[in-house]
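Working notes, structure below.
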Amino acid sequence: MNFCAIRVIYKFEMLRTWNTILQSVLSPVISTSLYFVVFGAAIGSRIEQIEGVSYGTFIVPGLMMLSLLTQSIANASFGIFFPRFTGTIYEIMSAPVSAFEILVGYVGAAATKSLIIGLIILATAGFFVPLEIAHPVWMGAFLVLTCISFALFGFIIGIWASNFEKLQLIPLLVITPLVFLGGSFYSVSMLPPAWQTITLFNPVVYLISGFRWSFFEVSDVSVGISLMMICLFLAACLILVWWMFKTGYRLKE
Amino acid sequence: MKPIISVSDLCKTYSDGHVALKRVDLDIMPGEILALLGPNGAGKTTLISIICGIVSASSGSVSVGGHDIVSGYRSTRAMIGLVPQELTLGAFDRVRNTVSFSRGLFGKKPDPAYVEQVLRDLSLFDKKDSEVRILSGGMKRRVLIAKALSHEPRILFLDEPTAGVDVELRQDMWQIIRRLRDSGVTIILTTHYIDEAEEIADRVGVINNGELLVVDDKLELMRKLGKKELHIELREPITRIPDSLARHGLVSSPDGREVTYTYDIRSDSTGITDLLQDLKSAGLTLKDLNTAQSSLEEIFVNLVKNKP
Ligand SMILES: Nc1ncnc2c1ncn2[C@@H]1O[C@H](COP(=O)(O)OP(=O)(O)OP(=O)(O)O)[C@@H](O)[C@H]1O
Ligand SMILES: [Mg+2]
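Top line first, the protein sequences correspond to chains A and B. So in numbering that gives the first Met the number 0, spot 183 of the first sequence is number 182, and the numbers just go up one at a time. So in numbering that gives the first Met the number 0, spot 266 of the second sequence is number 265, and the numbers just go up one at a time.
Structural data, given as structure tokens:
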């Protein structure tokens, strides 16, 4: 195991974040605050409680997920796409590192960063609404699992993308709609029955539902299923990455 | 002595069907400087990339220090430092950081003193905290060398180290390469320039169209390659070369209006003065003179033709 390599990849990816620390920290704080002003205070005050939770509090897990998913994907995809784009990937390809070590370095750094952002959002939310977390350990587990799975997914996008446009494509066209339609800002039970069924095909629903359960013990689907779905997604990403490295897909002629 | 790198029967066909390497066999000895000479698209970078693990071979095998580059990639890659042809550096990297990064990537524990020494050796120490993107091209090339040396490799590949480098820096580069060789590093470099190969290499390999045409001791090869031609246009066409000129080995054109003299620019006497005197005494009147260096391309054509 080339631990030195994992360490420097991780360290340099984190350093890149550090260089843009203001942007990295400030932007989630600002956007979260805006969501609370708009949804929590302005609109939320006219919405009654959802399953016994005030609307402002109810949207916290969804808001966190929204950022976690987009941040994990953005960080990891950019992290590996950028060296491919500039050509510096030659060094990683010629180094005595295994696919696994590269993965741990890049995905680990991206996941760490989005984990930190998630916690910052949580802290910011605490300023606006009363927060109680029913199952902190489960919350942590969902948080970490989500960060890792979606960082992995971002890593795949970063390898697949052949230009900057494609890099943005999936987050924009797939992830953002799925998150918004996945119950970030509402409970699935608020939808008409037909839509409730359709919504169940949206994997993000399971994520948000499970995460929300760890906060309020209310959920759209059972926690076990949520957990299973995340693990399934994680496994699918791992298999895809394994295949990519094995075949040298987009990395090696 | 056992070769440190042994390439055997190596072929590469890119996914678009382009054949970049055709059955290349090459042994590289520890401690030598080998220059790979060849025109654009010859396959030099492809060969290097395969040995370093960036491109996978279509068939054939390569071993480095006794290990196969695929099954023993950890050992082989740890031995190799690569300075790529393009000036590829991250946009936001700083000199010292990026060199330390390379060291770690190749599995070496951090060693600030060693990194500092490498930077000093390459006259980069003043720039250690500069962002690499603001450095000049020559400086960037040095940073790439520093990165390649950061993990104390036994073998160094330099892909066109002096492309786009001014005369002074080129001398510097050669100095650096010699110093490295003296410290025991095996060096493989590619170049388009015969004179560069001549200046620093021990052995020279000529590669064209994916074929390694010849690998030979430098002096031997230079004797073959370093030809120059003097074209002499005559006022009156001749039917045959006068006997008095026989010793010069002239070749006349079919219409007899031009004779060509081939000489070696490196020898102490090129024989041109003698030739001109003999031409005069033979009563030939000259209309025009011009000289031409046999181009790399022509040399390749010759090499291919001369192949048994
Ligand atoms: N990724 C690729 N896909 C398809 N063809 C390629 C690829 N890389 C290189 N080639 C082709 O393979 C041939 C050899 O390329 P290579 O880069 O090895 O040449 P080279 O000797 O290094 O040339 P130069 O002196 O210009 O650097 C060229 O014809 C090139 O177009
Ligand atoms: Mg090249």
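Where is the CB? At the ideal position from N, CA and C, for every residue including glycine.
Could you name the residues of the same chain whose beta carbon sits closer than 8 Å to that of residue i, not counting the 5 residues immediately before and after it, in chain order?
i: leucine 177 of chain A; result: Asn201, Pro202, Val203
i: methionine 92 of chain A; result: Leu250, Lys251
i: tyrosine 185 of chain A; result: Ile49
i: glutamate 257 of chain B; result: His230, Ile231, Glu232, Leu233, Ser251
i: methionine 0 of chain B; result: Met28, Pro29
Could you tell me whether the Cβ of residue i comes closer than 8 Å to any Cβ of chain E?
i: alanine 160 of chain A; result: The structure shown contains no chain E; the protein chains it does contain are A and B.
Per DSSP, residue i is paired with what?
i: glutamate 131 of chain A; result: Paired residues: none, contrary to the question.
i: leucine 33 of chain B; result: B:Ile187, B:Arg202
i: arginine 93 of chain B; result: B:Glu130
i: threonine 371 of chain B; result: Residue coverage of chain B in this structure runs from 0 to 307, which leaves residue 371 of chain B outside it and unanswerable.
i: asparagine 207 of chain B; result: B:Glu210
i: isoleucine 154 of chain B; result: B:Ile79, B:Thr185
i: isoleucine 4 of chain B; result: B:Ile27, B:Val63
i: aspartate 216 of chain B; result: B:Arg202
i: valine 52 of chain A; result: A:Ile49
Name the chain A residues whose beta carbon is nearer than 9 Å to that of residue i?
i: glycine 270 of chain B; result: Here the premise fails: no neighbours, minimum Cβ distance about 49 Å.
For residue i, which residues in chain B fall below 7 Å Cβ to Cβ?
i: methionine 92 of chain A; result: Gly52, Ile53
i: valine 187 of chain A; result: The premise fails here: valine 187 of chain A is roughly 43 Å from chain B at the closest Cβ pair, so nothing lies under 7 Å.
i: arginine 83 of chain A; result: Those within 7 Å of arginine 83 of chain A in chain B number zero; the least Cβ separation is about 11 Å.
i: glycine 86 of chain A; result: Glu85, Thr87
Which residues in chain A have a C-beta closer than 7 Å to the C-beta of residue i? List them in chain order.
i: proline 160 of chain B; result: Those do not exist, as proline 160 of chain B stays about 15 Å from chain A at its closest Cβ, beyond 7 Å.
i: tyrosine 72 of chain B; result: Pro95
Is residue i helix, strand or coil when you go by DSSP?
i: valine 166 of chain B; result: helix
i: valine 96 of chain A; result: coil
i: glycine 80 of chain B; result: strand
i: tyrosine 260 of chain B; result: strand
i: lysine 227 of chain B; result: strand
i: lysine 112 of chain A; result: helix
i: isoleucine 47 of chain B; result: helix
i: asparagine 289 of chain B; result: strand
i: proline 307 of chain B; result: Low confidence applies to proline 307 of chain B: its pLDDT is 43, below 50, so where it sits in the model is not reliable enough to give any reading.
i: histidine 247 of chain B; result: helix
i: glutamate 232 of chain B; result: strand
i: glutamine 79 of chain A; result: Just to set this straight, residue 79 of chain A is isoleucine in the shown sequence, not glutamine. If DSSP states are grouped into helix, strand and coil, isoleucine 79 of chain A belongs with the helices.
i: leucine 190 of chain A; result: coil
i: serine 208 of chain A; result: helix
i: isoleucine 271 of chain B; result: helix
i: serine 55 of chain B; result: coil
i: serine 252 of chain B; result: coil
i: glutamate 252 of chain A; result: coil
i: leucine 151 of chain A; result: helix
i: threonine 19 of chain A; result: coil
Since residue i meets chain A, which of its residues come closer than 8 Å, beta carbon to beta carbon?
i: alanine 77 of chain B; result: Pro95
i: lysine 107 of chain B; result: Cys3
For residue i, which residues of its own chain have a beta-carbon under 6 Å away from its beta-carbon, when the five flanking residues on both sides are left out?
i: serine 60 of chain B; result: Ser7
i: histidine 150 of chain B; result: Arg102, Phe105, Lys107
i: isoleucine 50 of chain B; result: Val61
i: arginine 76 of chain B; result: Gly52
i: threonine 269 of chain B; result: Tyr262
Can you name the residues of chain B whose CB is closer than 9 Å to the CB of residue i?
i: tyrosine 89 of chain A; result: Ser48, Cys51, Ile53, Leu81, Pro83, Glu85, Thr87
i: lysine 251 of chain A; result: Gly52, Ile53, Val54, Ser55
i: arginine 211 of chain A; result: In chain order: nothing, as chain B lies at least about 38 Å away.
Closer than 8 Å by beta-carbon distance: list the chain B residues that pair up with residue i, in chain order.
i: phenylalanine 35 of chain A; result: Under the 8 Å cutoff, chain B gives no residues; its nearest Cβ is about 33 Å from phenylalanine 35 of chain A.
i: arginine 256 of chain A; result: Residue 256 of chain A lies beyond the residue range present for chain A, which begins at 0 and ends at 252; the question has no answer from this structure.
i: arginine 15 of chain A; result: Phe91
i: phenylalanine 11 of chain A; result: Asn96, Phe100
Just to confirm my understanding: we take residue i, look at its own chain, exclude 5 residues before and 5 after, and list those with CB closer than 7 Å. What are they?
i: threonine 56 of chain A; result: Val128, Pro129, Leu130
i: isoleucine 27 of chain B; result: Pro2, Ile3, Ile4, Leu33, Thr185, Ile187
i: threonine 238 of chain B; result: Gly255
i: lysine 21 of chain B; result: Cys10, Gly209, Glu210
i: leucine 274 of chain B; result: His247, Tyr260
i: proline 307 of chain B; result: Unreliable positioning characterises proline 307 of chain B in this predicted model, as indicated by a pLDDT of 43, which lies under 50. The coordinate reading is nonetheless provided below. Correct list: empty, nothing qualifies.
i: tryptophan 173 of chain B; result: Glu198, Ile199
i: alanine 133 of chain A; result: Ser213, Phe214, Phe215, Glu216
Report yes if the C-beta of residue i is less than 7 Å from at least one heavy atom of ligand 4; otherwise report no.
i: threonine 87 of chain B; result: Ligand 4 is not part of the structure shown, which contains ligand 1 and ligand 2 as its ligands.
Just by C-beta distance, which residues in the region 13-35 of chain B are closer than 7 Å to chain A?
Tyr13, Ser14
Within 8 Å of chain A by C-beta, residues of the region 168-193 of chain B in sequence order:
none
Can you list, in chain order, the residues of the region 82-104 of chain B whose Cβ is nearer than 7 Å to any Cβ on chain A?
Taking a C-beta cut-off of 7 Å against chain A, the contacting residues of the region 82-104 of chain B are Pro83, Glu85, Thr87, Leu88, Gly89, Ala90, Phe91, Phe100, Ser101, Gly103, Leu104, listed in chain order.
For the region 233-251 of chain A, which residues have a CB atom closer than 8 Å to at least one CB atom of chain B, in sequence order?
Gly247, Lys251
Selection of the region 18-48 of chain A by Cβ proximity to chain B, strictly under 8 Å:
Asn18
Using a Cβ cut-off of 9 Å, which residues of the region 139-150 of chain A contact any Cβ in chain B, in chain order?
none
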